[in-house]
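A.B. asks: Got a structure for you, questions after.
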Amino acid sequence: MAFNSIKFYLLLGINLLMLGTLSLNAWIAYHDALHELDEIYDAELARSAKLISLLLSSNPIPQTNTEPLVIAVPHITEMGETLSAQQERLLDGHKYEGKIAFQAQQGDKLIMLSENALQFPTPQRQAGYHEITEHNTLWVTFSYFVPEQDLWIFTAQREDIREELGAHIAQAQVRPILFMMLPLSLLIYLVIRLVLRPLQLLQQQVADKTPEQLHEIQLALPLELQPIQSAINRLLQRIRRYLQQEKRFIADASHELRTPLSILQLHAQNLSSASDPAEVTEAVNAITEGSKRMSHLINQLLSIARLDHLHQPDCTAIPVSSLLHHSLSQLPMKLLDKVNWQLELDDSCQIYGDDTLLQSVMRNVLDNAAKYSPTDGTVKVQTSRNNQQQIMINIKNSGNTTAETSRLGNRFYRHQQHQQIEGAGLGLSIVKHIIELHSGSISFSANSQLGLDVLILLPQAPQND
């Protein structure tokens, strides 16, 4: 199991949290138990002192006794001495009896004491609880005074008995934690593995994908993983569509390049076998013209490749009128002279986009409008605003429109009746792609003059306050 895996962090985090929680509970229980033990033993000291006072009241010790009465305590144990479990509870007492002592003083005379009371000094005559240290042994004492008899009763208990019981309590708290940690950790590991199993299945499904097998993933996943599966399926769909487009593009490009290359080869062969200067000149001109067409086609293919990897153009505010005038100035003179141009431009219109890319758009659209118009036809260009913060650019030409408007903008689409016109069917595809990059749209429709209407919508530039 890798250290940077979710499974490892879950297992480590849950185990640490569990260990911390159990340890905190054990610590709290241990201290609560010690507190309760202190109260119980303190109460026992007070009760023992009062019982001794009642005993002496009902059975007083004769004043003629010169020596104090010593009460034997069975099983006296020294500090650190331990007894076996069989020795702890016998008929004549318990081992803890040796850790409880008492004294009785009447006036200044010691009249009674337990055998183990010789181990600690006489406590001070002050009612209440006190702590006395003797021979590195700590005793907790209770002093009780009976004024009617001028009698002081002292009871004492060695502190180590409390520490011993505290140690037993601590062991009782820690032992289950130690014994249960391994089984609980194993159980947690199995649960985590079971919970993460759908994620492993999803990972395996994604790892098994190949360019030829990009079908959607259909797994019965938990609710939290369903959005991930949906996102992966959308990504697979986009990849599948992209690969299909690329395959179609490569096939179409190969087809489009094959014909001009064959023609160039044919002209090159004619040139090598030509003996007449006129034939040589004709072959050279044909090769030159073919090379220009090939160069134009390759440039368009490179433009498409660049646009496919462009996601966000560099946008600025661009006056529409200057954009159109500049694009018109770049058209060949033969196209400018071929048709009549009618410009109805709103000088206040500004669009928000990349100047270089949008010049390519306008140049392509205006070039096509003139190219597919009859001689002395009309190309009308209008600009305006709509109420959706968009600039409308409407370009109309006249002539015989035979193209399928729904297919305009598809790569390599050219109508059969327009095959004699120079081009490869890539210009409008580039135009459509650039406009989509600018969050705009382009539409085509036939007009009443048997021509084509091209409507371009582009975002309006932000207004400066």
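Note that the numbering used here gives residue 319 to position 319 of the sequence shown, counting from 1, and the numbers run on in steps of one. Backbone N, C-alpha and C define an ideal beta-carbon position, used for all residues, glycine too.
Expressed to the nearest angstrom, what Euclidean distance is found between the alpha-carbon atoms of S443 and Q229?
C.D. replies: Within the sequence shown, residue 443 is the residue found at index 443, counting from 1. Within the sequence shown, residue 229 is the residue found at index 229, counting from 1. Using only the alpha carbons, I get a separation of about 35 Å.
A.B. asks: The alpha helix (DSSP H) with P319 in it runs from where to where?
C.D. replies: As a working mapping, residue 319 is identified with position 319 in the sequence shown. Unbroken run through P319 is the beta strand (DSSP E), T316 to P319; no alpha helix (DSSP H).
A.B. asks: Can you check the region 98–149 for any beta strand (DSSP E) of at least 3 residues that lies completely inside it and give the ranges in chain order?
C.D. replies: If we require 3 residues or more, the beta strand (DSSP E) runs fully inside the region 98–149 come out as 100–106, 109–114, 128–134 and 137–146.
A.B. asks: Are there 16 or more other CB atoms within 10 angstroms of the CB of N368, so buried, or fewer, so exposed?
C.D. replies: Translated into positions along the sequence shown, residue 368 becomes position 368. N368 is buried by the Cβ-count criterion.
A.B. asks: DSSP three-state call for Y9: helix, strand or coil?
C.D. replies: The residue you call residue 9 lines up with position 9 of the sequence shown. Helix.
A.B. asks: DSSP puts E344 in a beta bridge; with which residues?
C.D. replies: Position 344 of the sequence shown holds residue 344. DSSP, once it has assigned bridges, lists Q382 as partnering E344.
A.B. asks: Is the beta carbon of Y144 sitting closer than 9 Å to the one on I153?
C.D. replies: In the sequence shown, the residue the question calls residue 144 occupies position 144. In the sequence shown, the residue the question calls residue 153 occupies position 153. Yes.
A.B. asks: Report yes if the C-beta distance between C315 and H438 is below 9 Å; otherwise report no.
C.D. replies: Here the question's residue 315 lines up with position 315 in the sequence shown. Here the question's residue 438 lines up with position 438 in the sequence shown. Against a cut-off of 9 Å, the Cβ pair of H438 and C315 comes out as a contact.
A.B. asks: Between the region 97–111 and the region 35–54, can you find at least three pairs of beta-carbon atoms closer than 8 Å?
C.D. replies: In short, these stretches touch, since the Cβ pair count reaches three.
A.B. asks: When DSSP labels each residue in this structure, what does P459 get in the three-state scheme?
C.D. replies: Here residue 459 refers to the residue found at position 459 when the sequence shown is read from its first residue. In the structure shown, P459 sits in a strand (DSSP, three-state: E or B).
A.B. asks: Since M392 sits in a beta bridge, which residues does DSSP pair it with?
C.D. replies: Here residue 392 refers to the residue found at position 392 of the sequence shown. Answer by DSSP bridge pairing, in chain order: S384 and L457.
A.B. asks: DSSP on V280, reduced to helix/strand/coil?
C.D. replies: For the purposes of this step, residue 280 is identified with residue 280 of the sequence shown, where counting begins at 1. The answer is helix: DSSP assigns V280 an H, G or I state.
A.B. asks: Let's test the definition: count the other Cβ atoms within 10 Å of the Cβ of G20 and tell me whether it reaches 16, buried, or not, exposed.
C.D. replies: Stepping through the sequence shown from its first residue, residue 20 is reached at position 20. The residue is exposed, with fewer than 16 neighbouring Cβ atoms inside 10 Å.
A.B. asks: Going by the CB atoms, is the gap between E159 and T137 shorter than 9 Å?
C.D. replies: Locating residue 137 in the sequence shown gives position 137, counting from the first residue. Locating residue 159 in the sequence shown gives position 159, counting from the first residue. Closer than 9 Å, so yes.
A.B. asks: Using three-state DSSP, classify Q417 as helix, strand or coil.
C.D. replies: Looking up residue 417 in the sequence shown gives position 417. In this prediction, Q417 has a pLDDT of 44, which is less than 50 and means its spatial position is unreliable; what the coordinates show is noted afterwards. It is helical.
A.B. asks: Could you round the C-beta distance between Q205 and L219 to whole angstroms and report it? I think they count as a contact, below 8 Å.
C.D. replies: Numbered from its first residue, the sequence shown carries residue 205 at position 205. Numbered from its first residue, the sequence shown carries residue 219 at position 219. Indeed, because the Cβ distance is near 7 Å, the residues count as touching under 8 Å.
A.B. asks: With a threshold of 16 other CB atoms inside 10 Å of the CB of T155, please say whether the residue is buried or exposed.
C.D. replies: The sequence position of residue 155 within the sequence shown is 155, counting from 1. That one is buried.
A.B. asks: From S5, V339, S321 and S57, pick the residue whose C-alpha is nearest to that of V146; which is it?
C.D. replies: What you label residue 146 is simply residue 146 of the sequence shown in a count that begins at 1. When each option's Cα is compared against that of V146, the closest is S57.
A.B. asks: Using the Cβ count rule (16 or more neighbours within 10 Å means buried), how would you classify I395?
C.D. replies: Sequence index remark: in the sequence shown, residue 395 carries index 395 (1-based). Buried, by the Cβ-count rule.
A.B. asks: For Y129, tell me which candidate among K380, L186, H135 and F142 has the shortest Cα-Cα distance.
C.D. replies: Here the question's residue 129 lines up with position 129 in the sequence shown. The shortest Cα separation from Y129 among K380, L186, H135 and F142 belongs to F142.
A.B. asks: Suppose you measure from the CA of A26 to the CA of Q203; what does that come to, to the nearest Å?
C.D. replies: For this step, residue 26 is matched to residue 26 along the sequence shown. For this step, residue 203 is matched to residue 203 along the sequence shown. Distance between the alpha carbons of A26 and Q203: 42 Å.
A.B. asks: Between D346 and M362, what straight-line distance do the alpha-carbon atoms span, to the nearest angstrom?
C.D. replies: As a working mapping, residue 346 is identified with position 346 in the sequence shown. As a working mapping, residue 362 is identified with position 362 in the sequence shown. Rounded to the nearest angstrom, the two C-alpha atoms are 16 Å apart.
A.B. asks: Residue range of the alpha helix (DSSP H) that V206 falls in?
C.D. replies: Stepping through the sequence shown from its first residue, residue 206 is reached at position 206. Taken as a continuous stretch (DSSP letters only), the alpha helix (DSSP H) holding V206 covers R197 to A207.
A.B. asks: Hey, how far is the Cα of N59 from the Cα of K109?
C.D. replies: In the sequence shown, counting from the first residue as 1, residue 59 sits at position 59. In the sequence shown, counting from the first residue as 1, residue 109 sits at position 109. Cα to Cα, N59 sits roughly 17 Å from K109.
A.B. asks: Just verifying my parser: in three-state terms, what is the DSSP assignment at S445?
C.D. replies: Within the sequence shown, residue 445 is the residue found at index 445, counting from 1. DSSP places S445 in strand when its eight states are reduced to three.
A.B. asks: State the DSSP-derived secondary structure class of S21, mapped to helix, strand or coil.
C.D. replies: The residue labelled residue 21 in the question sits at position 21 within the sequence shown. Ser is not the amino acid found at residue 21; the sequence shown has Thr there. The answer is helix: DSSP assigns T21 an H, G or I state.
A.B. asks: Roughly how many angstroms separate the alpha carbons of M392 and Q359, rounded to a whole number?
C.D. replies: In the sequence shown, counting from the first residue as 1, residue 392 sits at position 392. In the sequence shown, counting from the first residue as 1, residue 359 sits at position 359. One C-alpha to the other measures close to 16 Å.
A.B. asks: Would you grab the beta carbon distance between K338 and T375 for me? Rounded to a whole angstrom, and I think it's under 8 Å.
C.D. replies: In the sequence shown, the residue the question calls residue 338 occupies position 338. In the sequence shown, the residue the question calls residue 375 occupies position 375. Indeed, because the Cβ distance is near 6 Å, the residues count as touching under 8 Å.
A.B. asks: Cα separation between A461 and A446?
C.D. replies: For the purposes of this step, residue 461 is taken as residue 461 along the sequence shown, with counting starting at 1. For the purposes of this step, residue 446 is taken as residue 446 along the sequence shown, with counting starting at 1. Roughly 30 Å between the two C-alpha positions.
A.B. asks: Can you tell me whether Q417 is buried or exposed, with buried defined as 16 or more other CB within 10 angstroms of its CB?
C.D. replies: Within the sequence shown, the letter at position 417 stands for residue 417. Its pLDDT being 44, under 50, Q417 is placed unreliably in this model, and the value from its coordinates should be taken loosely. With fewer than 16 Cβ atoms within 10 Å of its Cβ, Q417 is classed as exposed.
A.B. asks: Does I250 pass the burial test, meaning 16 or more other C-beta atoms within 10 Å, or should it be called exposed?
C.D. replies: The count along the sequence shown starts at 1 and reaches residue 250 at position 250. Label assigned to I250: exposed.
A.B. asks: Let me check understanding here. Comparing Cα to Cα, which of M181, I61 and Y41 lies closest to L475?
C.D. replies: Outside the shown range of the chain (1 to 465) lies residue 475, about which nothing can therefore be said.
A.B. asks: Closest to G166 by C-alpha separation, out of I111, K247, L221 and D32, would be which residue?
C.D. replies: Position 166 of the sequence shown, counting from 1, holds the residue named residue 166. Considering only alpha carbons, the answer is D32.
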